[in-house]
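Residue numbers for the sequence shown follow the numbering used here, beginning at 140 and rising by one. All C-beta atoms in this analysis are idealised placements derived from N, C-alpha and C, irrespective of residue type, glycine included. All values reported here derive from a predicted model rather than from experimental measurement. Worksheet: the structure to be examined is printed underneath.
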Amino acid sequence: MCGIVGYVGEENPKDFLLESLKKLEYRGYDSSGIALQNNDNIQIIKCSGKIQDLEDKIGKSNLIHSHLGIAHTRWATHGEANERNAHPHRVGKVTIVHNGIIENANELKNRLVNEGIVFCSETDTEIACAVFNYYYRGNPIEAIENAIQELKGSYAFGILFEDQDALYAVRKDSPLIVGLGENENYIASDILAIADSTKKYMLLEDDEIAEITKDRVTVYYNREVINKEVLDVPENVESANKGTYRHFMLKEIMEEPFVLRRMINHYLYHSEELFDITPYEEIHIVACGSALYAGMIGKSLFEEKAHIRCVADVASEYRYKTTLYDRKTLVILVSQSGETADTIAAMRKAIENNVDTLAIVNVKTSTIAREAKYHLFIEAGPEIAVATTKAYLLQTAMFSLLALNAAHKKGLEENYDLIMKNLQNLPSLLKKVLDDKDYIQKMAIDIKDARDAFFIGRGVDYSMCLEGSLKLKEVSYTHCDAYQAGELKHGTISLIEDGVPVFVIITDDKIKDKTESNAIEVEARKAKVFTITNDESIKTHYDKYVVPKIDDYFQPILVVPVFQLLGYYVALARGLDIDQPRNLAKSVTVE
Ligand code: F6R
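Below you can see the structure in the form of structure tokens.
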């Protein structure tokens with residue numbers, strides 16, 4: 140959420156800052172800005188809207204000569220997304236960009252207002268900036284040290300002091316790295332922003348302060364200089380581009396067979412690397428949004444196939460509730476970004492209770508990847524579209540592999556060899572589904588004017604409904620709800636009216652007749668029933684799409700992409716901003 144970049148070197152920072160902001164735009168995109176410094180002259184240019192709007196504004200400005208600058212792309216937390224609230228913020232001699240939330244901002248503001256500070260924006264960032272300025276007496280490290288003692292909450296700051304020829308950075312519970320270049324150095328909140336410029340970087344830990352000039356990086360902790368390890372940018376962090384696709388979302392959906400094959404091949408030959416869940420008596424899968432819905436599929440599989448007790452819980456609830464860890468428990472954190480604030484908090488709760496943690500994560504340098512006791516990387520590559528597709532798919536596939544492995548280990552899966560053999564065909568079957576995109580696009584055009592849509596299914600089909608419903612609502616702004624098919628009669632069926640689309644997922648043979656009856660019930664209320672099934676023999680109501688039938692461990696992998704494409708094509712038909720839907724941001728680093 141929000142993106143930070145900074146540059147110090149020999150060039151004018153403008154080009155690096157703008158290019159890097161574009162790479163981070165998916166993290167927040169309601170306003171942006173840059174600050175360029177030349178000795179005590181600081182020029183700030185900012186605006187609401189996309190980075191393109193900032194670029195246009197910069198193009199019309201006379202820029203100062205500079206070799207030091209910071210920039211930001213924002214996802215509004217405190218105050219509306221307008222130019223006044225956009226970062227950078229300047230108070231006195233200090234200019235900052237900020238990711239995170241300062242929780243005691245109001246308290247600090249009252250004190251500062253009493254001291255005569257006048258604030259121009261509604262942001263917590265400007266208040267933090269005033270705190271840095273308050274403590275600044277010519278020694279930046281001292282000012283930052285004193286300020287962070289006062290700031291409660293999460294933060295990553297890029298900081299300029301008008302009489303210092305260096306860039307400063309500090310973070311807590313919000314990522315920030317220092318990139319190391321040739322006669323230039325950088326800061327960034329996401330490794331993607333610097334991966335085209337350097338392959339070396341340092342990871343700042345909580346409350347470490349970096350002082351960065353073009354040829355030197357000094358890191359302090361508790362006012363002492365510390366040695367920092369120089370790390371290599373992981374290989375698969377390449378800067379993502381859309382290639383021939385119009386949108387990242389479609390490109391990422393179409394990459395699914397490739398990334399899935401890569402994962403399957405890896406574990407076919409290195410099954411020993413698959414984490415063994417069988418020693419645990421209870422598993423808690425904790426995540427947010429789509430990652431949770433992937434986890435819910437995991438929960439069904441762990442219980443049904445491997446007979447291991449499991450709960451799947453929303454991280455924002457799990458972190459605060461009373462949890463009994465009275466059995467040998469494993470907490471699995473699922474996160475594409477590895478930076479979701481609630482999932483991090485849930486992980487830390489488990490760690491504090493001496494409970495084992497396993498991260499299923501995409502971004503290898505992320506907080507969750509680093510702090511969890513064990514990790515499994517899904518290796519989806521960069522996912523840029525805000526709505527997750529390929530990462531969700533690989534999270535689901537990881538759960539399928541873990542469940543299969545556990546069922547095999549416990550002697551509960553007699554068809555193990557056959558299932559492993561079939562697994563090799565899975566990516567081609569997925570490609571076949573994606574090749575039907577024209578059919579799915581027709582479905583999308585059929586429902587493009589619908590105000591509401593419903594998704595019903597039972598068991599694991601219900602977990603897929605949740606993801607289908609989320610995909611359609613978040614990118615196309617259709618109001619969608621997902622229900623366990625049997626639950627519809629307990630109230631929601633009163634919303635079913637003439638022509639409302641109802642997507643019915645039926646893949647589980649054991650309960651297909653039951654879900655089928657629920658489909659008939661909504662059809663009787665004149666709903667347009669679209670059935671998505673793996674069973675040719677299921678009756679066609681209004682429309683039906685049949686996916687190939689495979690071992691039920693892996694069936695969701697052939698169903699959910701239908702809904703990813705559906706959401707995409709409805710949004711396309713409505714002319715919406717598909718990769719950056721309104722109000723959203725790629726990684727939710729605030730509570
Ligand atoms: C929906 C979506 C979100 C994320 C959720 C968790 O398309 O992308 O629901 O799944 O915000 O994010 P991560 O996986 O980064 O923890």
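Beta carbon of residue i nearer than 8 angstroms to that of residue j
{"i": "Phe414", "j": "Leu315", "result": "no"}
{"i": "Arg589", "j": "Ile696", "result": "For the record, residue 589 in the displayed sequence is Ala; it is not Arg. Cβ distance not < 8 angstroms, so Ala589 and Ile696 don't count as in contact."}
{"i": "Val729", "j": "Gly172", "result": "no"}
{"i": "Tyr432", "j": "Leu605", "result": "yes"}
{"i": "Leu156", "j": "Ala210", "result": "yes"}
{"i": "Ala174", "j": "Thr234", "result": "yes"}
{"i": "Ser505", "j": "Ser476", "result": "yes"}
{"i": "Ser439", "j": "Asn544", "result": "no"}
{"i": "Leu634", "j": "Asp577", "result": "no"}
{"i": "Val698", "j": "His680", "result": "no"}
{"i": "Val317", "j": "Ile287", "result": "no"}
{"i": "Glu301", "j": "Lys189", "result": "no"}
{"i": "Asp620", "j": "Ser608", "result": "yes"}
{"i": "Arg597", "j": "Thr672", "result": "no"}
{"i": "Gln176", "j": "Ser205", "result": "yes"}
{"i": "Leu565", "j": "Ile650", "result": "no"}
{"i": "Arg310", "j": "Ala295", "result": "yes"}
{"i": "Ala327", "j": "Ser159", "result": "yes"}
{"i": "Tyr165", "j": "Lys725", "result": "yes"}
{"i": "Met559", "j": "Asp682", "result": "no"}
{"i": "Ala426", "j": "Leu463", "result": "no"}
{"i": "Met801", "j": "Ala445", "result": "Here the chain comprises residues numbered 140 to 730, so residue 801 is not present and cannot be evaluated."}
{"i": "Ile241", "j": "Lys185", "result": "no"}
{"i": "Glu613", "j": "Ala526", "result": "yes"}
Backbone secondary structure at residue i - three-state DSSP
{"i": "His206", "result": "coil"}
{"i": "Ile447", "result": "coil"}
{"i": "Lys353", "result": "coil"}
{"i": "His386", "result": "coil"}
{"i": "Gly188", "result": "coil"}
{"i": "Ile507", "result": "helix"}
{"i": "Gln475", "result": "coil"}
{"i": "Phe258", "result": "coil"}
{"i": "Lys612", "result": "helix"}
{"i": "Gly277", "result": "coil"}
{"i": "Ala426", "result": "strand"}
{"i": "Leu551", "result": "coil"}
{"i": "Glu284", "result": "helix"}
{"i": "Glu242", "result": "coil"}
{"i": "Asp452", "result": "strand"}
{"i": "His629", "result": "helix"}
{"i": "Gln694", "result": "coil"}
{"i": "Gly434", "result": "helix"}
{"i": "Leu290", "result": "coil"}
{"i": "Val661", "result": "helix"}
{"i": "Glu164", "result": "helix"}
{"i": "Glu363", "result": "strand"}
{"i": "Asp465", "result": "coil"}
In DSSP terms, what residue i is bridged to
{"i": "Cys268", "result": "DSSP lists no partner for Cys268."}
{"i": "Gly297", "result": "Val236, Ala308"}
{"i": "Lys667", "result": "Pro640"}
{"i": "Gly596", "result": "Gln623"}
{"i": "Arg213", "result": "Ser170"}
{"i": "Ala498", "result": "Leu472, His514"}
{"i": "Met341", "result": "Val317"}
{"i": "Ala327", "result": "Val144, Ile316"}
{"i": "Val230", "result": "Val233"}
{"i": "Lys678", "result": "Paired residues: none, contrary to the question."}
{"i": "Asp371", "result": "Lys339"}
{"i": "Asp591", "result": "His618"}
{"i": "Asn177", "result": "Asn180"}
Cβ-Cβ separation, residue j to residue i (assumed contact under 8 angstroms), whole Å
{"i": "Ile447", "j": "Gly437", "result": "Not a contact, Cβ separation roughly 10 angstroms."}
{"i": "Lys529", "j": "Glu395", "result": "5 angstroms"}
{"i": "His386", "j": "Ala524", "result": "7 angstroms"}
{"i": "Val733", "j": "Thr646", "result": "What is shown of the chain runs 140 to 730, which leaves residue 733 out entirely."}
{"i": "Ile298", "j": "Ile280", "result": "That belief does not hold up - the Cβ atoms of Ile298 and Ile280 are roughly 11 angstroms apart, past 8 angstroms."}
{"i": "Ser602", "j": "Met435", "result": "4 angstroms"}
{"i": "Thr262", "j": "Gly218", "result": "5 angstroms"}
Any non-hydrogen atom of the ligand NAD closer than 7 angstroms to residue i Cβ
{"i": "Gln719", "result": "As for the ligand NAD, it is missing from this structure, which binds only the ligand F6R."}
### Task
For the segment 267-286 and the segment 143-154, state whether three or more C-beta atom pairs, one from each stretch, are separated by less than 8 angstroms.
no
### Task
State whether the segment 488-508 contacts the segment 355-367, with contact taken as three or more CB pairs (one from each stretch) at a distance under 8 angstroms.
no
### Message
Is it the case that the segment 467-485 contacts the segment 396-409, given that we only count it when at least three CB pairs across the two stretches are under 8 angstroms?
### Response
no
#### Entry: contact_flag[the segment 621-632, the segment 714-722] where n(CB pairs < 8 angstroms) is 3 or more
no
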